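Data block below; observations after.
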Amino acid sequence: MRHLSLLLGVLLCTCFGVHRENFRTCDQSGFCKRHRNVKPGSSSYVVQPSTLRISKTSLMVDVLNTENNVRFLLQGYGLQHGIFRVKLVEAEPIRERYEIPVGMTLVAEPVQEELVYGGEKDGKLTFTLGKNKMVINVNPLRLDFFINDEPVTSLNAQGLLKFEHSRQKQGWFSSLGSSVFSLLSQPFRESPKEENNEAAEGAEEEKKVAEDEEPDLWQETFKGFTDIKPNGPVSVGLDIAFPGFRYVYGIPEHADTFALKTTKSTDPYRMYNLDVFEYDLYNPMALYGHIPFMVAHNEKNTVGVFFQNAAEGWIDIQSNVADKSIFSNLADFVTGNSEVPQTDTHWFFEDGIIDIFVLLGPGPKDIFQQYASLTGNTPLPPLWSLAYHQCRWNYNDQDDVRTVDQTMDKYDIPFDVIWLDIEHTEGKKYFTWDGSRFSNSVEMLRNLSSKGRKLVSIVDPHLKRDDNYKVYTDARDKGLLVKNSHGDDFDGWCWPGSSSWPDFMEKHVREWWADQFLLENYQGSANNLYVWNDMNEPSVFNSPEITFPKDAKHLSGRENREVHNIYGMMVHQATWEGLLKRSNYQERPFVLTRAFFAGSQRYGAVWTGDNMGEWSHLKVTVPMMLSLNLAGIHFSGADVGGFFRSPDNELLTRWYQAAVFQPFFRAHAHIDTKRREPYLLPEENMIIARDAIKKRYSFLPFWYLLFHESEKTGVPPMRPLWSEFPSESNVFDRDDVYLLGNAILVRPVVDQGATTANVYFPGEQTIWYDIDTYKPYHGGHEISVDAPLSKLPAFQRGGTIVPRKFRGRRAASLMYNDPFTLIVCLDKNGKAEGNIYVDDYHSYAYTKGAYALTQLSFHNFKLENIVLHKGKDFTTKEWLERVIVVGVNTNPKNVHLILADHSKVELEHSYDATSKVLTLRRPGVNVADKWIINLH
Numbered sequence: 000m001r002h003l004s005l006l007l008g009v010l011l012c013t014c015f016g017v018h019r020e021n022f023r024t025c026d027q028s029g030f031c032k033r034h035r036n037v038k039p040g041s042s043s044y045v046v047q048p049s050t051l052r053i054s055k056t057s058l059m060v061d062v063l064n065t066e067n068n069v070r071f072l073l074q075g076y077g078l079q080h081g082i083f084r085v086k087l088v089e090a091e092p093i094r095e096r097y098e099i100p101v102g103m104t105l106v107a108e109p110v111q112e113e114l115v116y117g118g119e120k121d122g123k124l125t126f127t128l129g130k131n132k133m134v135i136n137v138n139p140l141r142l143d144f145f146i147n148d149e150p151v152t153s154l155n156a157q158g159l160l161k162f163e164h165s166r167q168k169q170g171w172f173s174s175l176g177s178s179v180f181s182l183l184s185q186p187f188r189e190s191p192k193e194e195n196n197e198a199a200e201g202a203e204e205e206k207k208v209a210e211d212e213e214p215d216l217w218q219e220t221f222k223g224f225t226d227i228k229p230n231g232p233v234s235v236g237l238d239i240a241f242p243g244f245r246y247v248y249g250i251p252e253h254a255d256t257f258a259l260k261t262t263k264s265t266d267p268y269r270m271y272n273l274d275v276f277e278y279d280l281y282n283p284m285a286l287y288g289h290i291p292f293m294v295a296h297n298e299k300n301t302v303g304v305f306f307q308n309a310a311e312g313w314i315d316i317q318s319n320v321a322d323k324s325i326f327s328n329l330a331d332f333v334t335g336n337s338e339v340p341q342t343d344t345h346w347f348f349e350d351g352i353i354d355i356f357v358l359l360g361p362g363p364k365d366i367f368q369q370y371a372s373l374t375g376n377t378p379l380p381p382l383w384s385l386a387y388h389q390c391r392w393n394y395n396d397q398d399d400v401r402t403v404d405q406t407m408d409k410y411d412i413p414f415d416v417i418w419l420d421i422e423h424t425e426g427k428k429y430f431t432w433d434g435s436r437f438s439n440s441v442e443m444l445r446n447l448s449s450k451g452r453k454l455v456s457i458v459d460p461h462l463k464r465d466d467n468y469k470v471y472t473d474a475r476d477k478g479l480l481v482k483n484s485h486g487d488d489f490d491g492w493c494w495p496g497s498s499s500w501p502d503f504m505e506k507h508v509r510e511w512w513a514d515q516f517l518l519e520n521y522q523g524s525a526n527n528l529y530v531w532n533d534m535n536e537p538s539v540f541n542s543p544e545i546t547f548p549k550d551a552k553h554l555s556g557r558e559n560r561e562v563h564n565i566y567g568m569m570v571h572q573a574t575w576e577g578l579l580k581r582s583n584y585q586e587r588p589f590v591l592t593r594a595f596f597a598g599s600q601r602y603g604a605v606w607t608g609d610n611m612g613e614w615s616h617l618k619v620t621v622p623m624m625l626s627l628n629l630a631g632i633h634f635s636g637a638d639v640g641g642f643f644r645s646p647d648n649e650l651l652t653r654w655y656q657a658a659v660f661q662p663f664f665r666a667h668a669h670i671d672t673k674r675r676e677p678y679l680l681p682e683e684n685m686i687i688a689r690d691a692i693k694k695r696y697s698f699l700p701f702w703y704l705l706f707h708e709s710e711k712t713g714v715p716p717m718r719p720l721w722s723e724f725p726s727e728s729n730v731f732d733r734d735d736v737y738l739l740g741n742a743i744l745v746r747p748v749v750d751q752g753a754t755t756a757n758v759y760f761p762g763e764q765t766i767w768y769d770i771d772t773y774k775p776y777h778g779g780h781e782i783s784v785d786a787p788l789s790k791l792p793a794f795q796r797g798g799t800i801v802p803r804k805f806r807g808r809r810a811a812s813l814m815y816n817d818p819f820t821l822i823v824c825l826d827k828n829g830k831a832e833g834n835i836y837v838d839d840y841h842s843y844a845y846t847k848g849a850y851a852l853t854q855l856s857f858h859n860f861k862l863e864n865i866v867l868h869k870g871k872d873f874t875t876k877e878w879l880e881r882v883i884v885v886g887v888n889t890n891p892k893n894v895h896l897i898l899a900d901h902s903k904v905e906l907e908h909s910y911d912a913t914s915k916v917l918t919l920r921r922p923g924v925n926v927a928d929k930w931i932i933n934l935h
């Protein structure tokens, strides 16, 4: 009955908001309290320089904790792209601690580069990697990192390093035995020296016993659940300082501002994958996925820290003035300012090791590339997945799907994907269909395919414990399921009731799961069916914090506490692999996941979970998306309209506008909300929402180009202003406006009743043009612009060329051969640049060179298309329909197209002197060929 009561309480959260009491605070977490209670000061960890061992690319040196004489091994590595790696492990552990295997978070073993040892001087060991430097202070241990001799990051500068070494539990008997032996042996001691030694040893033993009697070391209780910890206290943590930096960003996922806030008077930011209903905003609570990657940025440098650890973690943040007694050369960092900012952070994890990558930029795009070199890039998604997705919990049956599909066409609203939630299955058994409502799913899929559309079905990782459910019995009989602390198959509650979970941490289990997506196994599916992994934190309704107990056992023998945050990523990695197998590795998969970790970007899209239909939740989508994009999760979005509650017409309309310029564009709603397909809006609102969706389709060539760049460079499609204007300090804490690539500035309207919006235009020498009217705005100013309900403020940067397509189609897959329009916005010097990228939009042929990439350049009244790459056998029918040049001061007398064979064709053109817009009509050239347009 207790389980049923808890389940009811969890479900009630869907109606009454988040129940914070279901989730721990720092005061309810033993290891969090212990690390937070460490006081700044001189650290007890000391380097022993005589033990230094160096190779061409690495170092090893012993570290002693002088409080308890426990030895550690410090390892340092120089890596490609100017990255340092630092590991701290026990020298003689009682048990092997968990280290994430290469191939999970790290895409491959990092490439090492020469690390030059500069010797020991004044108690410091110096190592150089290109222009960067790492200095190890010997006593106490501290590691300082420099860019061009300027300190930018420091580990253990405050002395908060705490590495809880593995130990045997000291019981009452061992304590008593030690005392009795001490008393009995006293008459037989031969010298005062021996007596003193044994007294010291006894004192040390008493200290260990006292330590082991502290609360929460070997077990702790939360909401009636007792967590037995047979390995005892094994947490790790240390402080990481960013001297010279006022702002830090990243460590998603939190529903908070983009620039992270001080946690002096709150809990630390928590990193523990959890299913949180109707989450609160602007607090450090954990959500569905987490990436322990933080970026610091100032006018001169951008640096990053990636702490590779899959256990529960917390991070404290505080802004301070840099301690120039430690960093003497900081005094000149800011000319004329004696107070240099510093951000101090304190990271601690329940288990694992200290494994830190220090990324030294020095610029924003360098950081993106460096992080991608470690955890991988976002693979180019199929074009259709960048279009509009229509989802609801739940579309009731095949007739409902058909009606939505036909009604969207009736109202001329394009969409590419319709989604099915858990009710489409037979009794919440995944890979099945409810025969009474989806009696012919193959026919339904075929009808969608005939219109170029896809279907996504939900496949959660919990398996109903039902002897008549083949997927479950197969996993059970093959021994593939996660165990409880006693070694039996874990039994928890989720949507189907009593459930068990495959152990996705194991490769052979992931391979088994992948096979379930083959057409012969997933009966009723087809090649145009794709997958949504929800509840993969995992969500367990009757378990502490609505997830696996920490003492649940994986097949490797590891406790869940060691690997928790990586489990969800392994679910969607296995699903991704399954869709690859289904197409014989020919077609690009699409998988959506709620839980994620570092590296998830390699396997699918992410959404921000169970948000609410409120203005505040619309507003927070921008900082949440910026944080995700910063940490590599580029293909991400938030449910349009909010999952819970029923947004009013104005809010839903504004949400459609905002989502047009976010990477993943899906409308979704809870089963208890009113139906809210866009055609159900009042006509005025429906027209605005439809225009917004059509605008998304017109920008698909640009989105596709951005994701091509993302895969090649690691640079996110959705960017903070400082990524393109790194020295403009007044944009560092802005998250109401952002950039798509380097070209489009977006300022969503997120306030009820607003008809104007304050827009900050960065770059004093930059011109910004309204994407609808081409009205110019000059950078370096904040300006109030008109923003009636029909208007989303968005602006193209002068000096850029954006490819678009304007032919109206009902699905993106019908646009493959449609012609391009180029929007050429000139800068103050009359120049502009851009690119066109095309391939077949759905397969992996592009990875073998079957694509075309061209560089567009406008200068000296000449638009030139330069072919950077064109596959030997690659062809495309896409051609240039129109060129719109914005910011032209005079009407040219003649416009000529010059082809590759030097022949000339005169082009029709028109000029609007008021808007200074020149339109060139039907050049007709192939976008993958070389050509020039001259304006005279």
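Numbering of the sequence shown is given in numbering that gives the first Met the number 0, commencing with residue 0 and proceeding in unit increments. Think of the CB as a built atom: it goes at the ideal place given N, C-alpha and C, for glycine as much as any other residue. Here the structure is a predicted model, which is why all the values come from computation and not from measurement.
Item, Value
"C-beta atoms of G117 and G81 nearer than 8 Å", "no"
"Residues that R718 bridges to, as DSSP identifies them", "L738"
"Contact between the region 676 to 692 and the region 805 to 817 (3+ Cβ pairs under 8 Å)", "no"
"Proximity below 8 Å, CB of V619 to CB of L280", "yes"
"C25, DSSP secondary structure in three states", "helix"
"Environment of T889 [buried if 16+ CB atoms lie within 10 Å]", "exposed"
"Inter-residue spacing [alpha-carbon to alpha-carbon] between S645 and D750", "17 Å"
"Residue nearest to P988 in terms of C-alpha spacing, selected from H18, F22 and V17", "Past the edges of the chain, shown from 0 to 935, lies residue 988, and the structure says nothing about it."
"Residues near T918 by beta carbon distance below 6 Å, same chain, minus five either side", "I883 and S909"
"Stretch pair the region 826 to 838 + the region 473 to 486: three plus CB contacts closer than 8 Å", "no"
"Same chain, Cβ closer than 6 Å to A594, five either side skipped, listed in chain order", "N272, Y287, G288, N535, E536 and G567"
"A198 to M623 span [Cα, whole Å]", "Note that A198 scores 44 on pLDDT, short of 50, meaning its location in the model is unreliable and no value can be drawn from it."
"Within 8 Å, strictly: CB atoms of D343 and A240", "yes"
"Backbone secondary structure at V441 - three-state DSSP", "helix"
"Nearest to S384 (by Cα), restricted to the options E863, E586 and L58", "E586"
"Own chain residues within Cβ distance below 6 Å of F306, not counting five before or after", "P291, W346 and I355"
"Spatial distance of T875 from Q74 (CA atoms)", "52 Å"
"Close-in-space but distant-in-sequence residues of the same chain around V302 (CB under 6 Å, 5 per side omitted)", "V151, T152, A295, L359 and G360"
"Stretch pair the region 801 to 810 + the region 366 to 381: three plus CB contacts closer than 8 Å", "no"
"Y529 - containing beta strand (DSSP E), residue span", "L528 to N532"
"Contact under 8 Å by Cβ, L114 with S43", "no"
"Selected residue, minimal CA-CA separation from F367, among E98, T712, L444 and F860", "T712"
"Burial state of S899, where buried means 16 or more other Cβ atoms lie within 10 Å", "Per the sequence presented here, residue 899 reads as Ala, with Ser not at that position. The residue in question, A899, is exposed, as its Cβ has fewer than 16 Cβ neighbours within 10 Å."
"Candidates D771, K790, T755 and L788: closest to I782 by CA position", "T755"
"Closest residue to P304 among Y278, D350 and I250 (Cα-Cα distance)", "Rather than Pro, the amino acid found at residue 304 in this sequence is Val. Closest option to V304, Cα to Cα, is I250."
"Whole-angstrom C-beta distance between V659 and A691, which should lie under 8 Å", "5 Å"
"Closest Cα partner of G923 within the set V885, L879, R269 and K929", "L879"
"Span of the beta strand (DSSP E), counted from its first residue to its last, around M293", "F292 to H296"
"Contact between the region 502 to 518 and the region 479 to 486 (3+ Cβ pairs under 8 Å)", "yes"
"Extent of the continuous beta strand (DSSP E) to which K861 belongs", "K861 to K869"
"Inter-stretch contact at 8 Å, needing at least 3 Cβ pairs: the region 573 to 585 / the region 508 to 521", "yes"
"Spatially closest choice to A321 from P340, F873, R245 and I314, by CA coordinates", "P340"
"Whole-angstrom distance between F805 and Y696, CA atom to CA atom", "8 Å"
"K506 (DSSP reduced to helix, strand or coil)", "helix"
"C-beta contact flag for I766 and H780 at 8 Å", "no"
"Beta carbon of G641 nearer than 8 Å to that of E676", "no"
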